[in-house]
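Asker:
There are 2 protein chains.
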Amino acid sequence: MNVTLRQLRAFTAVYRTRSITRAARELGITQSATSLLIQQIEAQLGVRLFDRSTRAVQPTRAADEAFHAAERMLSDAQVLSRRMRDLAEARAGRVAFLASAGAASALLPRVLAKFRAAHPAIEIDIRDVAADDLVPRMIATDAEFAIGSVEGEISEMTVETLTSGRLSAIGRRTAEFAARRSLTWDELAQQPTIAMRSDTRIRMQIDLALGLEGKRLTPTYEVTLINTALAMTAQGLGLAILPATMLPADQFPTLIAKPLIRPAITRPVSLLQRQGRTLSPAAQAFVAVARTVLASRT
Amino acid sequence: MNVTLRQLRAFTAVYRTRSITRAARELGITQSATSLLIQQIEAQLGVRLFDRSTRAVQPTRAADEAFHAAERMLSDAQVLSRRMRDLAEARAGRVAFLASAGAASALLPRVLAKFRAAHPAIEIDIRDVAADDLVPRMIATDAEFAIGSVEGEISEMTVETLTSGRLSAIGRRTAEFAARRSLTWDELAQQPTIAMRSDTRIRMQIDLALGLEGKRLTPTYEVTLINTALAMTAQGLGLAILPATMLPADQFPTLIAKPLIRPAITRPVSLLQRQGRTLSPAAQAFVAVARTVLASRT
DNA sequence: GACATTCATAGGGAAAGCTCATGAATTGAT
DNA sequence: ATCAATTCATGAGCTTTCCCTATGAATGTC
């Protein structure tokens, strides 16, 4: 056998109070139990810790030395408990995840704001990567989860759709544009348009879907970053072709999105996580917030 | 309930080996017991520490954090155990005691030499005080014991005679002196003598004992320190009147002691310790050595 | 697809832990 | 000085914990 924290607790209590009876009260056990614990730890350590008469309890030299070590261990135990409890209740900790650049700029700000309000002490480490890199980086790094658009299944991973945005035309809130419910891709062809470049995932999906219908997108401008497209739209250079979810309303209050139809194309934003691995409580809390915040959108 | 060291041991073993089965082997318990310990500590801390499939065990973030704290506590426990064991077996520690100046100079060197050989790592703190101060200092300070001449009983203390030296005439090893078995106090009066000053304990005892016999000591020289008396004797200035135990043979190889009789006066050297207080193991070891070393003398 | 490995769970017996009751020693008050 | 009160130690008995054996379920391997 070995010394136990229980014994150490009894020891420090007796040491401090200089009394087995008082220590017992403090520990919430009986005097006899405390007496036994002291005998046990003495036997365990092979050293007398208290000179006990029927009247008084006097710590020995060895006890003086042991006391500090014991206190330290008990304090460590308490710190550990508290820390773990904080982690469990997402009062502390750290959430590190991957986000595709698009998701990071358009979707995450709202999620982050809400999460921060609920869990102010949790560190957040967002690693924003190009959409193509999302899955490879997820496999390679220790990120707990990833948010972004993912096609198909990935082995060892679970994919959950958080929200899916319809491909939309985004333009300034003119009376004429605001009145529309939707636009067809054909109608779009008449106007100046701003689309993502052909080597982006969004564009590939568009080209693929239109191709199946025998159609083709010929944008006026092609850009790499979503924000660039939106900024250009805000300047009136044309309609941006993007999933509606990618429009941060607060950042571009003048812009509105109208779904594109014939064909309607939706682009999911998914949560990616490792199969069989529980998320840290902090990450769970974050994902929960993301689900509720994003679910409210189309 | 609370987290136990047992659980922490299981936790660190599983964390390191990444396997409950291997950890169980390491701990010397069964796999099922180990599995239970992990479940317990998880319940205790309120946090999942391992993602377990039927096949593998994967530590969580929380486990990474907890691991260091756990290792520290376990290492503290081990250090504490070892330290206490060392103290118990007098392989480490410290012995602080009081010694009257006479005892310190004449008796202790041999004791110290032997003790040091047997217990090289123990710190020794000798507080040599005037004979009169021995008891007051013993009461006032935290010395574990005291060595010196003590008369009568002292409350709260136990007095044990370690050795008692007969008052003797100490002189150079001349043929004539060496041949004698003893001297009477009367014979002594014919020769130059060196005695302790009247305000010393030794002298007081002598004067008292001689007074009872109607005799009186009139020394040629009176000194305060024993060593002074011996040095003077070695120079041939006269016979030193001291307890035989006070003559360190190795320091004054030319001197020998002959008991003084009519009356024979003995002066005890005692060990003084607090009643009801156990000595530290180091002190016990020291006292044991002192007893054996001093017992061999008259 | 059979086999081996790994973790989880159930049952039972051993050990530990706690409480209650009691005893012994000492202090303080009447 | 006696008596009451306090304090620590010990023993009996009960409850809880602990651990082992046996078995089941899942997964990877040949």
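Line order of the protein sequences matches chains G and X. Sequential numbering of the first sequence, starting at 34, is according to the working numbering. Sequential numbering of the second sequence, starting at 34, is according to the working numbering. Beta carbons: idealized from backbone N, C-alpha and C, even for Gly. Since the structure is predicted, the reported quantities are computational estimates derived from the model, not experimental observations.
How would you write the range of the alpha helix (DSSP H) that residue 244 of chain G sits in, first residue to last?
Answerer: 234-245 is the extent of the alpha helix (DSSP H) around residue 244 of chain G.
Asker: Using a Cβ-Cβ cutoff of 8 Å, what residues of the stretch 80-105 of chain G are near chain X? List them in chain order.
Answerer: If the cut-off is 8 Å between Cβ atoms, the stretch 80-105 of chain G has 80, 81, 84, 86, 91, 93, 94, 95, 98, 99, 102, 103 and 105 near chain X.
Asker: Under three-state DSSP, which class holds residue 92 of chain G?
Answerer: DSSP places residue 92 of chain G in strand when its eight states are reduced to three.
Asker: Does any residue of chain G have a CB that is nearer than 9 Å to the CB of residue 313 of chain X?
Answerer: True, the Cβ-Cβ gap to chain G drops below 9 Å.
Asker: With distances taken from CA atoms, which of X:242, X:148 and X:40 is nearest residue 324 of chain X?
Answerer: Nearest C-alpha to residue 324 of chain X: X:148.
Asker: Output, in chain order, the set of chain X residues within a Cβ distance shorter than 7 Å of residue 37 of chain G.
Answerer: Per Cβ cutoff of 7 Å: 37 and 38.
Asker: Closer than 9 Å, CB to CB, is residue 131 of chain G near chain X or not?
Answerer: False, the Cβ-Cβ gap to chain X never drops below 9 Å.
Asker: Could you name the residues of the same chain whose beta carbon sits closer than 7 Å to that of residue 42 of chain X, not counting the 5 residues immediately before and after it, in chain order?
Answerer: These residues qualify, in order along the chain: 60 and 107.
Asker: Would you report the Cα separation of residue 238 of chain X and residue 156 of chain X, rounded to the nearest angstrom?
Answerer: One C-alpha to the other measures close to 35 Å.
Asker: First and last residue of the beta strand (DSSP E) that includes residue 68 of chain G?
Answerer: Looking at the DSSP string, residue 68 of chain G is not in any beta strand (DSSP E); the run it does join, the alpha helix (DSSP H), is 64-78.
Asker: Between the Cα of residue 260 of chain G and the Cα atoms of G:193, G:139 and G:164, which residue gives the shortest distance?
Answerer: Checking every option, the nearest Cα to that of residue 260 of chain G belongs to G:139.
Asker: For residue 230 of chain X, does the three-state DSSP call read helix, strand or coil?
Answerer: Reduced to three states, the DSSP call for residue 230 of chain X is coil.
Asker: What do you get for residue 172 of chain X, buried or exposed, if any count of 16 or more other CB atoms within 10 angstroms of its CB means buried?
Answerer: With fewer than 16 Cβ atoms within 10 Å of its Cβ, residue 172 of chain X is classed as exposed.
Asker: Could you give the DSSP three-state label for residue 304 of chain X: helix, strand or coil?
Answerer: Residue 304 of chain X falls in the strand class under three-state DSSP.
Asker: Give the DSSP-derived three-state secondary structure of residue 108 of chain X in the structure shown.
Answerer: The answer is helix: DSSP assigns residue 108 of chain X an H, G or I state.
Asker: Whole angstroms are fine: how far does the CA of residue 305 of chain X sit from the CA of residue 193 of chain X?
Answerer: Straight-line Cα distance between these residues: approximately 7 Å.
Asker: As a quick exercise: from G:35, G:143 and G:71, pick the residue whose alpha carbon is nearest that of residue 52 of chain G.
Answerer: The residue with the shortest Cα to Cα distance from residue 52 of chain G is G:71.
Asker: DSSP state of residue 219 of chain X, grouped into three classes?
Answerer: Residue 219 of chain X falls in the helix class under three-state DSSP.
Asker: Just tell me which of G:310, G:246, G:98 and G:206 has its CA closest to the CA of residue 287 of chain G.
Answerer: The option with the nearest alpha carbon to residue 287 of chain G is G:206.
Asker: Since residue 42 of chain X is in the alpha helix (DSSP H), which residue starts that stretch and which ends it?
Answerer: Start and end: 38-50.
Asker: Is residue 151 of chain G buried or exposed, if buried means 16 or more other CB atoms sit within 10 Å of its CB?
Answerer: Under this definition residue 151 of chain G is an exposed residue.
Asker: Where do the ends of the beta strand (DSSP E) carrying residue 249 of chain G lie?
Answerer: Looking at the DSSP string, residue 249 of chain G is not in any beta strand (DSSP E), and its letter there is neither H nor E.
Asker: Can you have a look at residue 233 of chain G and say buried or exposed, based on whether 16 or more other CB atoms are within 10 angstroms of its CB?
Answerer: Burial call: buried.
Asker: Counting only the same chain and skipping the five closest in sequence on each side, list residues whose C-beta sits under 7 Å from that of residue 285 of chain X.
Answerer: Within the same chain, residue 285 of chain X has close Cβ partners 263 and 267.
Asker: If you reduce the DSSP assignment to three classes, tell me which class residue 53 of chain G lands in.
Answerer: Helix, per DSSP.
Asker: My output table needs one value for residue 154 of chain G: the three-state DSSP class, helix, strand or coil.
Answerer: Residue 154 of chain G falls in the coil class under three-state DSSP.
Asker: Considering only their Cβ atoms, is the gap separating residue 80 of chain G from residue 118 of chain X smaller than 9 Å?
Answerer: Against a cut-off of 9 Å, the Cβ pair of residue 80 of chain G and residue 118 of chain X comes out as a contact.
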